[in-house]
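Here the sequence shown is numbered in numbering that gives the first Met the number 0, starting from 0 and rising by one per residue.
Each residue gets a CB set at the ideal place from its N, CA and C atoms; glycine is no exception.
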Amino acid sequence: MPVHQDIIGRILVLRVDNPPVNALSKIERRGLIEGIARGASDDVDAIVLTGAGASFIAGADIREFGKPPEPPHLPEVVETIEASAKPVIAAIAGQALGGGLEVALACHYRLAEAGARFGLPETTLGIVPGAGGTQRLPRLIDPMLAADMVATGKSLDAASALRTGLIDWIADQPIDVAALGHARSLAGQPLDERRLSERNVEPSPDAIEDLALLKAETVKKSRGAIAPGVAIDLVAKALQSPYDVGVAEERARFLELRSGSQAAALRHIFFAEREAAKGPAEAPRSIERVGVIGAGTMGAGIAMSVADAGIPVVLVEQTEAALGAGLDRIARAYGEAVARNRLSNDVADERRNSITGATGYDLLANADLIIEAAFETMDVKDAIFKSLDAIARSDAILATNTSYLDIDAIAAVTSRPSQVLGLHYFSPANVMKLLEIVRGRETDPTVLATALAFARRTGKVPVVAGVCHGFIGNRMLRAYNREAGLLLLEGATPSQIDTALTDFGMAMGPFAVADLSGIDIGHKGRQAMEPGAYEPAAFRVHDGLVSCGFLGRKTAVGFYRYASGKVDGENADVADIVAAARKEFAVSPRSIDPEEIVERCIFAAAAEGLQIVKEGIAARPGDVDVVYVNGYGFPRHRGGPIFYLRETGEAGLAAIRRYAAGPFGRWWPDVGHPGAIEPPGIGKSTDKDAA
Ligand code: 3H9
0 MPVHQDIIGR
10 ILVLRVDNPP
20 VNALSKIERR
30 GLIEGIARGA
40 SDDVDAIVLT
50 GAGASFIAGA
60 DIREFGKPPE
70 PPHLPEVVET
80 IEASAKPVIA
90 AIAGQALGGG
100 LEVALACHYR
110 LAEAGARFGL
120 PETTLGIVPG
130 AGGTQRLPRL
140 IDPMLAADMV
150 ATGKSLDAAS
160 ALRTGLIDWI
170 ADQPIDVAAL
180 GHARSLAGQP
190 LDERRLSERN
200 VEPSPDAIED
210 LALLKAETVK
220 KSRGAIAPGV
230 AIDLVAKALQ
240 SPYDVGVAEE
250 RARFLELRSG
260 SQAAALRHIF
270 FAEREAAKGP
280 AEAPRSIERV
290 GVIGAGTMGA
300 GIAMSVADAG
310 IPVVLVEQTE
320 AALGAGLDRI
330 ARAYGEAVAR
340 NRLSNDVADE
350 RRNSITGATG
360 YDLLANADLI
370 IEAAFETMDV
380 KDAIFKSLDA
390 IARSDAILAT
400 NTSYLDIDAI
410 AAVTSRPSQV
420 LGLHYFSPAN
430 VMKLLEIVRG
440 RETDPTVLAT
450 ALAFARRTGK
460 VPVVAGVCHG
470 FIGNRMLRAY
480 NREAGLLLLE
490 GATPSQIDTA
500 LTDFGMAMGP
510 FAVADLSGID
520 IGHKGRQAME
530 PGAYEPAAFR
540 VHDGLVSCGF
550 LGRKTAVGFY
560 RYASGKVDGE
570 NADVADIVAA
580 ARKEFAVSPR
590 SIDPEEIVER
600 CIFAAAAEGL
610 QIVKEGIAAR
620 PGDVDVVYVN
630 GYGFPRHRGG
640 PIFYLRETGE
650 AGLAAIRRYA
660 AGPFGRWWPD
670 VGHPGAIEPP
680 GIGKSTDKDA
690 A
């Protein structure tokens, strides 16, 4: 029974029970309508609506969204709840998200546990709330806060929800007991004031203008995602129109967005992230003490990300000076978080104090997991792993943060290759969500399962990769950057290429990224590569810039010039360096349109990604998309490079074939053939019906 009905005294308790998160499918929607009808009988004075397990209701069932809507629709459910002549009290433990919060808003009173969370995350799925959320929320709380919540999908904790008026009480006893108590005391109370759809909003004189400003900012930040701007328009509508008009507009926009390509892409990435986080069936070991070797930018960031999850860390450096610098960096970062109101002083202190510095390995003897983030050379890794092998517990997991080196070779210097794997963090490691977990040839399944559980516990989006140069993400990036370099040689300027790709939605263009990370870094990397491992023509301009001392932001000149840390135009010297490279490779420049720039760079990454799947380095195309979206600034609303290529269908494949036949032979020839890409998978199928 998906919505249980129990009468306790004269109170009807409706309990939504659809594990694991009580998402609402047709069966629960029908169950709620039946439950409210039951509440109309004479033996009931009030109704408590709650969820079974750890969630209240996590929203509509997203798996239904690819299907035609089936009645009863969620709007009908919420109108039925609100119209109940008996008071309905939402008793909220855990998540009240999306349609779940919309149900709670239709109830006449809201009671929550201290750990509950409230949000409308629909825009993160490319849609807007579709059951009155954009119209009821601004009638209950400050409309600007409501607009921010719907635009960003950010959730509130119970204390903030109480402060802002979103809920009426936080339970000071077990929630079921508290709910019954409130329900009894509310029996027979008039409800007109409590029906949000009947409330008039009296916006402040500046509200509409403020919302217009918020919308302009949001649209700029959204990199082409449509839903956040639409959500703010709907909140503005709530301030200017009667409820019925606003809610009709909301439903129309919800249905339109739900069938669009951005929603399909975002659903794909939602499910792909959850698939990627699943691992072997083995039970993970518990990780209660972590060691980090190296207190540079990467090591310090990793230590913080572990401390942020409440796990104590020992941070090891070779010298007191290097250790001091690392600990200072950490103290500064926590200080900034406090200054920006992201953390309280107490929490920041607690986290900082859970990181213990050391200049020797002794304190690592008890660690469950040790993550090495030292210099990126095999000699250094070799020495560290031999020492760790001698000191670490025999069941401790030894991980390396290497970006490129051979994990099997690192594992081989230890007596326990089955306990060794890669944990490839992205910088800044305490902020970036992606974590590539690199399994070696001999990595034990329990070790892999433990790494996946550790990643989730520390708030990361994990993806398992096999061993190859660059694993998943950096290998795709190489293909992407190669194409950008060739486009430069063939006639486009750095800013034309960067603009085409940021217009597509990439967080930054490839040349702005090169300037940021230092053009010399890639240059050094190429020098260490075997001849033939990269396309010299694609990087000749980069090499030319390095020989002129133009290294990017750190020298204030790279592909661009910088003044006070901001771009101050293109570097005019690039043209001469490009001209010399064109001469060397006998390339005549031509005009290149933005469409070609986007297709070549994105399809190059997608084609490399498909090859990575074919080689078994990534388990599935969705994993590749998750990596590029979470680690490389690919626009989430386009679903990832492989999803995007699939969406372009035969036209995309034809373009790949066309470019493959051009100069500088490229990509994996079989990717361009029909059938090389499977049809898009946008979540799992289900026999339930749509909201
Ligand atoms: C909406 O409500 C629209 C309405 O406005 C209008 C309608 C008319 N549906 O994340 P986890 C699955 S839009 C279906 O690993 P956690 C998930 O796939 C919705 N399935 O757990 C996974 O399945 P599996 C607005 C869902 O504890 C399992 O549950 N709501 C849904 O780390 C566990 O998930 C949202 O956007 C769903 N709604 O986090 C909330 N949610 O085991 C989306 C989860 O087979 N959900 N699943 O891989 C979340 O943010 C997190 O799941 C949550 C729990 C925080 C709830």
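C-alpha gap between residue i and residue j, whole angstroms
i	j	result
residue 22	residue 118	14 angstroms
residue 225	residue 125	7 angstroms
residue 536	residue 503	25 angstroms
residue 98	residue 64	13 angstroms
residue 679	residue 631	The predicted position of residue 679 is uncertain, since its pLDDT is 41 and thus under 50; a value taken from the coordinates is nonetheless stated next. So the alpha carbons of these two residues sit roughly 21 angstroms apart.
residue 482	residue 223	23 angstroms
residue 58	residue 277	22 angstroms
residue 43	residue 92	23 angstroms
residue 520	residue 255	46 angstroms
residue 25	residue 54	18 angstroms
residue 354	residue 285	19 angstroms
residue 60	residue 594	36 angstroms
residue 464	residue 615	8 angstroms
residue 271	residue 622	6 angstroms
residue 62	residue 454	25 angstroms
residue 617	residue 184	58 angstroms
residue 112	residue 317	47 angstroms
residue 197	residue 241	9 angstroms
residue 8	residue 435	54 angstroms
residue 509	residue 517	12 angstroms
residue 342	residue 333	8 angstroms
Status (buried if at least 16 other CB within 10 Å, exposed otherwise) for residue i
i	result
residue 345	exposed
residue 415	buried
residue 495	buried
residue 476	buried
residue 6	exposed
residue 610	buried
residue 686	Because residue 686 carries a pLDDT of 33, less than 50, the predicted location of this residue cannot be relied on, and no value is offered for it.
residue 365	exposed
residue 212	exposed
residue 376	exposed
residue 449	buried
residue 101	buried
residue 374	exposed
residue 523	exposed
heavy atom of ligand 1 below 7 angstroms from residue i C-beta
i	result
residue 437	no
residue 54	yes
residue 305	no
residue 117	no
residue 286	no
residue 201	no
residue 663	no
residue 136	no
residue 94	yes
residue 619	no
residue 51	no
Cβ neighbours of residue i in the same chain (closer than 6 angstroms, five flanking residues each side left out)
i	result
residue 357	313, 315
residue 429	300, 303, 304
residue 90	47, 49, 110, 174, 178
residue 96	57, 58, 118, 120
residue 122	152, 226, 227, 230
residue 36	none
residue 388	413, 414
Same chain only: Cβ atoms within 8 angstroms of residue i, ignoring 5 sequence neighbours per side
i	result
residue 104	77, 131, 132, 135, 136, 139, 195
residue 627	472, 475, 604, 608, 633, 639, 640
residue 210	142, 143, 146, 231, 234, 235, 238
Close Cβ partners of residue i (< 7 angstroms) along its chain, the five nearest in sequence each way excluded
i	result
residue 248	233, 236
residue 156	116
residue 490	588, 589, 590, 591
residue 71	28, 29, 32
residue 552	514, 515, 561
residue 199	none
residue 684	Annotation note: pLDDT 32 at residue 684 (below 50); position unreliable, no value reported.
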